[in-house]
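Here the structure comes first, spelled out in structure tokens, and everything after it is commentary.
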Amino acid sequence: MRLAVEAVLDGLGLPVPWTIFDIDWTPGSPLPMTVTVGPRPREAVVAYCDPHGPWPETVVRLASDLQDHACEVHWGRPFPPCPGHTHPLATGVAGGVAVWECPVSPRHHRSPILPDGTP
Ligand SMILES: [Zn+2]
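In numbering that gives the first Met the number 0, the protein residues as written are 0 to 118.
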């Protein structure tokens, strides 16, 4: 799961690297997983996702939550930027894979949120 969080953070194209301070989830627990991340400890934010659902939806939820936090912390900039457009990419599921895609036209840009081989 840490690799998935790192891949999402990489994909956001943040101006400063974010650190993963904590990932809290007990296997078998019905509670959502919490991921504490941020550029600095005092600017840490908490993202939630439900690791019990289908994996692509879990990744989308996590990416979407982290994206919202990134826009709050580094306000006014699109994360991740849509190539050639001024808006950020949107999250979605295409063909069973969690993707970043252009909210106007997925044919303009679509790329997997997690690189191949991420567990
Ligand atoms: Zn676009």
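Just so it is clear, CB atoms sit at the ideal spot from N, CA and C, and this is done for glycine as well.
If you're wondering where the values come from, they're calculated on a predicted model, not measured in any experiment.
Asked, Found
"Considering only their Cβ atoms, is the gap separating Ala93 from Leu65 smaller than 7 Å?", "no"
"Within 10 angstroms of the Cβ of Val15, are there 16 or more other Cβ atoms? Answer buried if so, exposed if not.", "exposed"
"Output the distance between the C-alpha atoms of Gly37 and Ile19, rounded to the nearest integer angstrom.", "7 Å"
"So Ala6 packs on Leu113, CB below 8 Å; how close in whole Å?", "5 Å"
"Roughly how many whole angstroms lie between the Cα atoms of Ala3 and Val58?", "8 Å"
"Within this structure, are the beta carbons of Leu156 and Phe78 separated by less than 7 Å?", "Because the chain is modelled from 0 through 118, residue 156 falls outside the range shown and cannot be assessed."
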